[in-house]
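Worksheet: the structure to be examined is printed underneath.
In structure tokens, the structure reads:
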């Protein structure tokens with residue numbers, strides 16, 4: 004089994020971004036991004052379960068830049 008660091012290196016692409024130490028997301032499958040609390044944001048994924056993923060505070064600026072927000 005690969006670690007998330009190994010997956011991140013393999014998937015180095017414009018379409019993937021590590022939003023938290025535990026989550027690597029496909030940017031093309033984000034449905035919504037909303038402010039949550041304590042400077043964090045919450046991503047809702049475009050999947051059958053509408054998975055919600057927390058974006059860490061230290062990653063939100065880079066994510067916004069990557070998504071041109």
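In our numbering, the protein residues as written are 4 to 72. Glycine included, each C-beta is placed from N, C-alpha and C at the ideal position.
**Item:** For residue 61, the first and last residue of its enclosing beta strand (DSSP E)
**Value:** Segment 60-69 is the alpha helix (DSSP H) holding residue 61; no beta strand (DSSP E) there.
Check this for me: beta carbons of residue 33 and residue 44, under 7 Å apart or not? Result no, Cβ atoms of residue 33 and residue 44 do not sit closer than 7 Å.
ask   = Between residue 65 and residue 72, what straight-line distance do the alpha-carbon atoms span, to the nearest angstrom?
value = 10 Å
> For residue 20, does the count of other Cβ atoms within 10 angstroms reach 16, so buried, or fall short, so exposed?
Replying inline: buried
Closest by C-alpha distance to residue 39, when choosing among 70, 50 and 56
56
_Residue nearest to residue 31 in terms of C-alpha spacing, selected from 24, 49, 5 and 10_ = 49
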